[in-house]
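These notes concern the structure reproduced below.
Number of protein chains: 2
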Amino acid sequence: MTEAEAVSSISCSGHGKAFLDGLLLHGKPVCECNMCYGGSDCSQLQPDCMVDADSGDPTFLEPFWVKNAASSAIVIAGWHRMSYEYSDGSLISEELKAHIRNVHASVGNAITDGKYIIFGAGATHLLNAAVHALSSKASSSPTKVVASTPYYPVYKEQTEFFNSEDYKFNGDTSMWNNDTSNSTFIELVTSPNNPDGHMKKAVLQGQFVKTIHDLAYYWPHFTPIVAPADEDLMIFTLSKLTGHAGSRFGWAIINDEAVYKRMLTYMDLSTYGVSRETQLRVMKLLKVVLSGNGREMYEFGHNTMKNRWSKLSKVLSQSKRFSTQKLKPQHCSFSQQIRTPSSEFHIDVIAAFAWLKCETSILEDRSCYEVLKEVNITGREGSLFGADNRYVRLSLVRSEDDFDLLLRQINKLVSVEINDKHVATTSTILRQSNETTLLLTAGVNVVNRTLDLRMELETLNSNIFPRQNGLYTTIDLSFN
Amino acid sequence: MTEAEAVSSISCSGHGKAFLDGLLLHGKPVCECNMCYGGSDCSQLQPDCMVDADSGDPTFLEPFWVKNAASSAIVIAGWHRMSYEYSDGSLISEELKAHIRNVHASVGNAITDGKYIIFGAGATHLLNAAVHALSSKASSSPTKVVASTPYYPVYKEQTEFFNSEDYKFNGDTSMWNNDTSNSTFIELVTSPNNPDGHMKKAVLQGQFVKTIHDLAYYWPHFTPIVAPADEDLMIFTLSKLTGHAGSRFGWAIINDEAVYKRMLTYMDLSTYGVSRETQLRVMKLLKVVLSGNGREMYEFGHNTMKNRWSKLSKVLSQSKRFSTQKLKPQHCSFSQQIRTPSSEFHIDVIAAFAWLKCETSILEDRSCYEVLKEVNITGREGSLFGADNRYVRLSLVRSEDDFDLLLRQINKLVSVEINDKHVATTSTILRQSNETTLLLTAGVNVVNRTLDLRMELETLNSNIFPRQNGLYTTIDLSFN
Numbered sequence: 001m002t003e004a005e006a007v008s009s010i011s012c013s014g015h016g017k018a019f020l021d022g023l024l025l026h027g028k029p030v031c032e033c034n035m036c037y038g039g040s041d042c043s044q045l046q047p048d049c050m051v052d053a054d055s056g057d058p059t060f061l062e063p064f065w066v067k068n069a070a071s072s073a074i075v076i077a078g079w080h081r082m083s084y085e086y087s088d089g090s091l092i093s094e095e096l097k098a099h100i101r102n103v104h105a106s107v108g109n110a111i112t113d114g115k116y117i118i119f120g121a122g123a124t125h126l127l128n129a130a131v132h133a134l135s136s137k138a139s140s141s142p143t144k145v146v147a148s149t150p151y152y153p154v155y156k157e158q159t160e161f162f163n164s165e166d167y168k169f170n171g172d173t174s175m176w177n178n179d180t181s182n183s184t185f186i187e188l189v190t191s192p193n194n195p196d197g198h199m200k201k202a203v204l205q206g207q208f209v210k211t212i213h214d215l216a217y218y219w220p221h222f223t224p225i226v227a228p229a230d231e232d233l234m235i236f237t238l239s240k241l242t243g244h245a246g247s248r249f250g251w252a253i254i255n256d257e258a259v260y261k262r263m264l265t266y267m268d269l270s271t272y273g274v275s276r277e278t279q280l281r282v283m284k285l286l287k288v289v290l291s292g293n294g295r296e297m298y299e300f301g302h303n304t305m306k307n308r309w310s311k312l313s314k315v316l317s318q319s320k321r322f323s324t325q326k327l328k329p330q331h332c333s334f335s336q337q338i339r340t341p342s343s344e345f346h347i348d349v350i351a352a353f354a355w356l357k358c359e360t361s362i363l364e365d366r367s368c369y370e371v372l373k374e375v376n377i378t379g380r381e382g383s384l385f386g387a388d389n390r391y392v393r394l395s396l397v398r399s400e401d402d403f404d405l406l407l408r409q410i411n412k413l414v415s416v417e418i419n420d421k422h423v424a425t426t427s428t429i430l431r432q433s434n435e436t437t438l439l440l441t442a443g444v445n446v447v448n449r450t451l452d453l454r455m456e457l458e459t460l461n462s463n464i465f466p467r468q469n470g471l472y473t474t475i476d477l478s479f480n
Numbered sequence: 001m002t003e004a005e006a007v008s009s010i011s012c013s014g015h016g017k018a019f020l021d022g023l024l025l026h027g028k029p030v031c032e033c034n035m036c037y038g039g040s041d042c043s044q045l046q047p048d049c050m051v052d053a054d055s056g057d058p059t060f061l062e063p064f065w066v067k068n069a070a071s072s073a074i075v076i077a078g079w080h081r082m083s084y085e086y087s088d089g090s091l092i093s094e095e096l097k098a099h100i101r102n103v104h105a106s107v108g109n110a111i112t113d114g115k116y117i118i119f120g121a122g123a124t125h126l127l128n129a130a131v132h133a134l135s136s137k138a139s140s141s142p143t144k145v146v147a148s149t150p151y152y153p154v155y156k157e158q159t160e161f162f163n164s165e166d167y168k169f170n171g172d173t174s175m176w177n178n179d180t181s182n183s184t185f186i187e188l189v190t191s192p193n194n195p196d197g198h199m200k201k202a203v204l205q206g207q208f209v210k211t212i213h214d215l216a217y218y219w220p221h222f223t224p225i226v227a228p229a230d231e232d233l234m235i236f237t238l239s240k241l242t243g244h245a246g247s248r249f250g251w252a253i254i255n256d257e258a259v260y261k262r263m264l265t266y267m268d269l270s271t272y273g274v275s276r277e278t279q280l281r282v283m284k285l286l287k288v289v290l291s292g293n294g295r296e297m298y299e300f301g302h303n304t305m306k307n308r309w310s311k312l313s314k315v316l317s318q319s320k321r322f323s324t325q326k327l328k329p330q331h332c333s334f335s336q337q338i339r340t341p342s343s344e345f346h347i348d349v350i351a352a353f354a355w356l357k358c359e360t361s362i363l364e365d366r367s368c369y370e371v372l373k374e375v376n377i378t379g380r381e382g383s384l385f386g387a388d389n390r391y392v393r394l395s396l397v398r399s400e401d402d403f404d405l406l407l408r409q410i411n412k413l414v415s416v417e418i419n420d421k422h423v424a425t426t427s428t429i430l431r432q433s434n435e436t437t438l439l440l441t442a443g444v445n446v447v448n449r450t451l452d453l454r455m456e457l458e459t460l461n462s463n464i465f466p467r468q469n470g471l472y473t474t475i476d477l478s479f480n
């Protein structure tokens with residue numbers, strides 16, 4: 001207890017945290033700084049730092065849990081739940097299951113009545129358990145696992161990695177829309193979709209098609225809740241509900257008893273269930289989620305994400321080189337569900353990721369991922385999602401620091417675009433006036449762009465800055 | 001904190017426990033009773049209850065953690081480690097890794113210097129990760145996974161369940177001892193062996209053979225520590241070190257960097273690492289294990305197991321129908337390792353399981369498992385271990401209650417054997433005296449044996465109790 005209090009009192013300037021199990025200096029835990037921050041108290045912003053917009057690490061919810069530290073803390077005794085099994089012989093806490101049903105009922109995003117619930121170590125674990133359970137052992141050829149592009153990269157990576165005789169990844173769903181071979185299919189449906197946030201429906205139909213609905217992002221933080229989902233097999237994860245990605249906890253809601261049992265066997269033989277300390281902690285977190293009028297966390301999460309999406313899309317709307325997905329405003333039923341009048345959730349445009357598109361004009365030989373990398377932004381390459389290299393996914397669910405730095409870089413990128421127009425205009429004037437030196441001061445500091453601009457200037461002003469005589473050595477290309 | 005203290009103050013008569021995440025009655029957690037105990041405070045021993053000696057649930061160590069409750073408890077804040085990754089980008093706590101190295105150094109059971117360490121959700125998870133990492137993708141036929149009988153059943157069940165193209169379970173190692181086909185092999189070596197406690201060495205040799213050493217039971221509680229293990233790939237699990245099976249935590253110690261990296265990828269794509277609350281708790285538990293002179297837990301565990309093994313083997317030594325494995329007394333280096341003079345660990349005979357053999361004479365059409373089931377003992381069938389049905393594994397690592405009940409039933413069984421001799425003698429006398437009624441009172445109460453004995457009497461005394469006229473209706477076969 002003393003340890004836990006000591007560690008939470010260590011100040012890291014709002015740009016980091018000290019942890020009980022972190023590195024020690026003179027016996028005391030040290031600050032672990034957010035990306036791009038350094039110094040013993042994380043107060044120093046590092047120049048020219050690579051901004052991480054790659055991983056969907058949902059730390060945007062951390063401030064909510066810091067604020068609710070007292071009610072969300074747990075004490076675990078050394079003798080707590082040592083057994084392999086709960087006293088009913090299962091690997092799953094019945095109490096936790098009841099809390100999960102209550103959370104879905106309060107949000108109105110999924111129907112759980114009369115359905116089976118199983119736990120896994122995050123959606124990652126449950127996805128393969130579901131694919132395994134739904135793949136046909138009777139069929140002569142392996143079940144085809146498909147997903148509509150752009151799709152969550154783990155679907156492909158995981159299915160290929162395990163290299164089972166029972167199933168194979170077979171790419172984009174649309175390629176199989178008119179298949180008449182009586183193949184068995186598992187269609188992965190992600191709604192809202194990762195990366196682009198669109199609500200999706202299953203595409204394939206017929207007796208040989210099973211579907212897995214990955215509803216990880218179907219929470220009020222990320223999307224309008226339009227109606228409770230009622231699919232055969234639905235997967236949710238704690239990381240996208242409360243932000244606790246490190247806890248490795250997810251659940252599946254299943255209609256069919258035989259499928260449920262096959263998934264239980266998968267859990268028995270892969271990990272023998274989910275850690276008891278995790279189940280205890282998740283229950284405590286869900287108690288906080290459900291407490292009060294059951295809307296505090298969603299309000300915090302929703303406001304944060306809406307704010308971010310609106311800032312980012314506003315900047316990008318000024319650009320002709322970069323664009324992002326268009327999302328329809330939708331009515332959110334969650335505000336009715338919680339029965340407290342609120343304007344917050346009524347009409348919503350919101351997304352967990354920007355699915356950024358680079359216009360071909362600026363790509364040259366580069367991918368959109370590389371274009372961003374040049375301005376110190378790491379996104380996730382479109383090709384990983386089965387899309388082409390004009391696309392890149394930018395994560396908006398990370399810490400406030402990460403988002404602020406991302407927005408700053410995107411702002412610069414768009415400013416460069418505006419300045420580039422100015423450069424082109426200046427160059428034309430220069431060409432006409434036939435001057436031999438140039439002092440150019442643009443409004444942004446993008447060191448990595450210097451070389452590109454220099455080359456662009458060379459091309460535009462070849463008569464002014466001939467390559468052969470080096471007359472352009474006095475050019476000042478500092479961008480402030 | 002208050003909750004945690006309240007729950008630990010609930011009395012369950014030493015035959016159960018109340019848990020924070022258990023069922024509630026009037027808002028208060030209720031006692032969860034050990035097997036065969038009931039009532040609101042678990043004080044009632046249930047008659048004719050089935051004794052569980054099946055699972056290797058290591059709750060024999062629970063009293064140690066109850067005694068060390070204060071030093072082994074942890075507080076986890078709601079904001080603790082929400083991220084997918086530690087600040088170094090990994091899924092593994094470096095601090096915990098250091099503690100694991102210290103534990104091995106203090107016990108002297110494995111060399112970790114210069115080796116890689118990876119975490120998984122228990123040995124179960126790591127076994128498949130290791131098989132996956134060691135299987136050959138280059139080979140034209142799947143890698144053959146083998147183990148020496150009797151082997152831990154999960155090896156076969158898991159390998160077959162995942163149905164990979166890369167590896168197949170191929171049974172007993174000895175069948176492949178003289179294989180000249182240049183097949184690639186993975187040999188699973190379990191030392192001490194589960195079920196029989198024997199120290200094992202790899203059998204297969206050559207450039208196409210990889211080995212996985214499952215050293216789950218290589219701790220002073222279960223076996224003499226003869227020398228530090230120094231194998232290419234060694235698997236350990238928390239459940240058999242501290243008894244926390246429910247935490248689902250294990251680790252592998254690996255020589256080869258490429259194998260280590262393949263296992264990391266496996267963890268990424270199966271569960272994305274081990275829960276952060278689990279890693280935090282394990283670190284706390286290992287701190288207790290290492291504290292003081294680093295021998296308290298081992299002493300408790302060792303004394304408990306040695307006591308159980310000696311009681312059980314003493315009873316079985318009186319039997320001609322049942323026998324158990326013979327273990328050689330060995331010198332244990334652990335007592336030197338901890339550098340405190342102690343007679344406890346010097347010369348040891350100890351085992352986690354009784355590998356019970358039923359003599360053919362009493363089997364008739366039954367398996368040894370069925371013979372035990374008839375006297376209300378559930379063991380684990382020999383056939384699951386690749387052995388024949390004369391064998392059954394009895395777990396000695398469960399709670400004190402479970403062991404006491406097991407010992408009581410085994411005692412009865414051996415008493416029946418002695419009484420059965422008496423019945424046979426009585427029958428012979430009856431046959432000679434040609435009496436027509438019999439009042440038989442034996443010294444034990446084994447209701448399930450009644451029918452067997454009745455039939456035995458019928459056969460022996462067919463002239464006294466002819467089937468056709470029902471003269472034997474007055475027989476009293478009550479066993480007290």
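Residue numbers (the UniProt record's numbering), protein chains in the order written: chain Y, 1 to 480; chain G, 1 to 480.
Note that CB positions come from ideal geometry on N, CA and C, so glycine has one too.
| task | Report the rounded CA-to-CA distance for Ile-362/Y versus Asn-389/Y, giving the unit in angstroms. | result | Ile-362/Y and Asn-389/Y: Cα-Cα distance of roughly 12 Å.
| message | Considering Cα atoms alone, identify which of Ala-53/Y, Leu-312/Y, Asn-163/Y is closest to Met-35/Y. | response | Minimum Cα-Cα distance from Met-35/Y among the listed residues Ala-53/Y, Leu-312/Y, Asn-163/Y corresponds to Ala-53/Y.
| query | Any idea what DSSP makes of Asp-268/Y, helix, strand or coil? | reply | In the structure shown, the three-state DSSP call for Asp-268/Y is helix.
| Cβ-based burial, Ser-247/Y [other Cβ within 10 Å; buried from 16] | It counts as buried.
| query | Bridge partners of Phe-60/Y, per DSSP? | reply | Paired residue(s): none; Phe-60/Y is not in a bridge.
| query | Is the beta carbon of Gly-294/Y sitting closer than 9 Å to the one on Ser-106/Y? | reply | Going by C-beta atoms, Gly-294/Y is nearer than 9 Å to Ser-106/Y.
| field | Whole-angstrom distance between Leu-45/G and Tyr-218/Y, CA atom to CA atom | value | Rounded to the nearest angstrom, the two C-alpha atoms are 49 Å apart.
| Identity of the residue in Leu-20/Y, Asp-113/Y, Ala-202/Y, Arg-408/Y nearest Val-51/Y by Cα | Its Cα nearest to that of Val-51/Y, the residue Arg-408/Y stands out among Leu-20/Y, Asp-113/Y, Ala-202/Y, Arg-408/Y.
| request: List the residues of chain G that Tyr-260/Y touches, going by C-beta distances under 7 Å, in chain order. | output: By Cβ distance, chain G contributes nothing, its closest Cβ being about 16 Å from Tyr-260/Y, past 7 Å.
| said: Strictly by DSSP, which residues pair up with Lys-200/Y? | reply: None; Lys-200/Y has no bridge partner.
| Reduced DSSP category for Val-397/G - H, G, I as helix; E, B as strand; rest coil | Assignment of Val-397/G by DSSP, reduced to helix, strand and coil, places it in the coil class.
| query | Interface residues of chain Y around Leu-285/G at Cβ under 7 Å? | reply | Counting only Cβ-Cβ distances below 7 Å, Leu-285/G has contacts in chain Y at Gly-78, in chain order.
| field | Residue-chain proximity (Leu-269/Y, chain G), Cβ-Cβ < 9 Å | value | At least one C-beta of chain G is nearer than 9 Å to the C-beta of Leu-269/Y.
| Cross-chain neighbours of Gln-279/Y in chain G, by beta carbon under 8 Å | Here the neighbours are Asp-21.
| query | Which residue's Cα is closest to the Cα of Val-75/Y: His-15/Y, Ala-4/Y, Ser-148/Y, Cys-31/Y? | reply | The alpha carbon of Val-75/Y has as its nearest neighbour, out of His-15/Y, Ala-4/Y, Ser-148/Y, Cys-31/Y, the alpha carbon of Ala-4/Y.
| field | Where Tyr-272/Y meets chain G, residues with beta-carbon distance less than 7 Å | value | Result: Gly-122, Thr-124, Arg-248.
| Cβ distance (whole Å) where Glu-95/Y is taken to contact Asp-21/G below 8 Å | Taking a contact as a CB-CB distance under 8 Å, the pair Glu-95/Y and Asp-21/G counts as one, their CB atoms being some 5 Å apart.
| request: List the residues of chain Y that Gly-243/G touches, going by C-beta distances under 8 Å, in chain order. | output: Simply Met-82.
| With 16 as the cutoff for other CB atoms within 10 Å, does Asp-48/G come out buried or exposed? | Classification for Asp-48/G: exposed.
| Contact list for Ala-69/Y against chain G, beta-carbon separation under 9 Å | Ordered by position in chain G, the residues that pass the 9 Å Cβ test against Ala-69/Y are Ala-77, Gly-78, Trp-79.
| request: If I'm right that Trp-309/Y touches Pro-195/Y with Cβ under 8 Å, what's the distance once you round it to whole angstroms? | output: Trp-309/Y to Pro-195/Y, Cβ: 14 Å. No contact.
| request: Leaving out five residues on either side along the sequence, give the residues of the same chain with a beta carbon under 6 Å from the beta carbon of Val-242/Y. | output: The sequence given here places Thr at residue 242/Y; Val does not occur at that position. Same-chain partners within the cutoff: Leu-285.
| message | With H, G and I counted as helix, E and B as strand and the rest as coil, what does DSSP make of Arg-380/G? | response | Correct three-state label for Arg-380/G: strand.
| task | Could you name the residues of chain Y that Gln-158/G contacts, counting a contact when the two beta carbons are closer than 7 Å? | result | Those within 7 Å of Gln-158/G in chain Y are Leu-269.
| task | Could you name the residues of chain G that Arg-276/Y contacts, counting a contact when the two beta carbons are closer than 7 Å? | result | Contact of Arg-276/Y with chain G by beta-carbon distance below 7 Å involves Gly-246, Ser-247.
| Which ranges would you report for the alpha helix (DSSP H) in the stretch 154 to 201 of chain Y if only whole runs of at least 4 residues count? | Counting whole runs of 4 or more residues, the stretch 154 to 201 of chain Y contains the alpha helix (DSSP H) stretches 154 to 162.
| Which class does Phe-322/Y belong to by DSSP, given the choice of helix, strand or coil? | It is a strand residue.
| Which chain G residues are close to Leu-96/Y, counting only those with a beta carbon under 9 Å from its beta carbon? | Simply Asp-21.
| query | Are the C-beta atoms of Lys-17/G and some chain Y residue less than 9 Å apart? | reply | Yes, Lys-17/G counts as interfacial toward chain Y.
| message | Can you tell me which residues form a DSSP beta bridge with Ile-254/G? | response | Beta-bridge pairing by DSSP links Ile-254/G to Tyr-116/G, Leu-233/G.
| request: Assign Asp-166/Y to buried or exposed, taking buried as 16 or more other Cβ atoms, counted over all protein chains shown, within 10 Å of its Cβ. | output: With a threshold of 16 other beta carbon atoms within 10 Å, Asp-166/Y meets it and is buried.
| For chain Y, is any of its Cβ atoms less than 9 Å away from the one on Met-455/G? | Note that Met-455/G has pLDDT 47, beneath the 50 cutoff, so the model's placement of it is unreliable and no number is given.
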